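A short worksheet on the structure shown next.
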Amino acid sequence: MKHVAWCLLLLCQCALGQTSKEDDLNTISGNPYLFKEWHDGVVRFTSGRTVNQFKLKFDCLKNQLLLQFEGNAFAAESKVREFVMYPRKKDSLLFRRGFPTTDKTSESTYFHVLLQGKATLLRLIARNIVEEKQLVSVNGRINRRMEEVEYYYLLQNGTMTLLPANKNDLPSTFGDHKEQIAQLIAARQLKLHSPEDFVAVVKKYNELIAAQ
Numbered sequence: 559m560k561h562v563a564w565c566l567l568l569l570c571q572c573a574l575g576q577t578s579k580e581d582d583l584n585t586i587s588g589n590p591y592l593f594k595e596w597h598d599g600v601v602r603f604t605s606g607r608t609v610n611q612f613k614l615k616f617d618c619l620k621n622q623l624l625l626q627f628e629g630n631a632f633a634a635e636s637k638v639r640e641f642v643m644y645p646r647k648k649d650s651l652l653f654r655r656g657f658p659t660t661d662k663t664s665e666s667t668y669f670h671v672l673l674q675g676k677a678t679l680l681r682l683i684a685r686n687i688v689e690e691k692q693l694v695s696v697n698g699r700i701n702r703r704m705e706e707v708e709y710y711y712l713l714q715n716g717t718m719t720l721l722p723a724n725k726n727d728l729p730s731t732f733g734d735h736k737e738q739i740a741q742l743i744a745a746r747q748l749k750l751h752s753p754e755d756f757v758a759v760v761k762k763y764n765e766l767i768a769a770q
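Throughout the sequence shown, residue numbering follows this note's numbering, covering 559 to 770 in sequence.
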């Protein structure tokens, strides 16, 4: 129990459940979490320490790792380097931070690591807040809803490149290999609507640069 208590102090900076003034004035509909349920997982720290005593949940709106222990939920602190979630027995999702900054992210932003290699494929899972227009406003309240969004980045030679979600624009991202990438997209009829489509493209790109 002493070890678990130490982990709680190290991992957690505050208990959840507080309501901000902004949330009192406005309503936001939608699900901010990657999964509504808590799942098993592993948390790894910058120090190299690894713990697996907690249930995990990921808040896509705040880009924040949440932990649960004995029914209490906490926000993980900044010393977490990466974590792995197990939504199903055989599946695992690796999230990591510490990547170069972009116009949408900082070094503390968690990315879902889809593929690692000379060119690494990263997926930013987020939520946009969309305001819904109302003919009549009640007590000044503004109805807002969460919209699921995903962004895919290519990390190569220390540079983060946002990948277009348009199959006609994507090949030009890969320089001298754009023709081969365009052929792959056409042959497999990739619509770039899923992580698997982007994985197929970047996997092919890694094969091409390895053959140079």
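Every residue gets a Cβ at the ideal spot worked out from N, C-alpha and C, and that includes glycine.
None of the values given here were measured: they were computed from a predicted structure.
- Excluding sequence positions up to five before and after residue 685, its CB lies within less than 8 angstroms of the CB of 588, 590, 618, 619, 704, 705, 706 and 707, all in the same chain and listed in chain order.
- The stretch 591 to 610 and the stretch 628 to 642 touch, with no fewer than 3 CB-CB distances between them shorter than 8 angstroms.
- Between the C-alpha atoms of residue 593 and residue 735 there is a straight-line separation of about 37 angstroms.
- Under the 10 Å beta carbon count, residue 769 is surrounded by fewer than 16 other beta carbons and is classified as exposed.
- By the Cβ test, the stretch 641 to 653 is not in contact with the stretch 736 to 752, since fewer than three Cβ pairs between them sit closer than 8 angstroms.
- Straight-line measurement puts the Cα of residue 767 at about 15 angstroms from the Cα of residue 679.
- In the DSSP assignment, residue 761 falls within the alpha helix (DSSP H) that extends over 753 to 768.
- Ranking 674, 702 and 681 by CA distance to the CA of residue 689 puts 702 first.
- By the criterion of a C-beta distance shorter than 7 angstroms, residue 723 is surrounded in its chain by 750, once the five residues flanking it on both sides are discounted.
- By the Cβ-count criterion, residue 681 is buried, with 16 or more other Cβ atoms from all chains shown falling within 10 Å of its own Cβ.
- The alpha-carbon separation between residue 597 and residue 700 amounts to approximately 33 angstroms.
- Judged by DSSP secondary structure, residue 689 falls within the beta strand (DSSP E) whose first and last residues are 678 to 689.
- Between residue 658 and residue 719, the C-beta gap is not smaller than 8 angstroms, which leaves the two residues out of contact.
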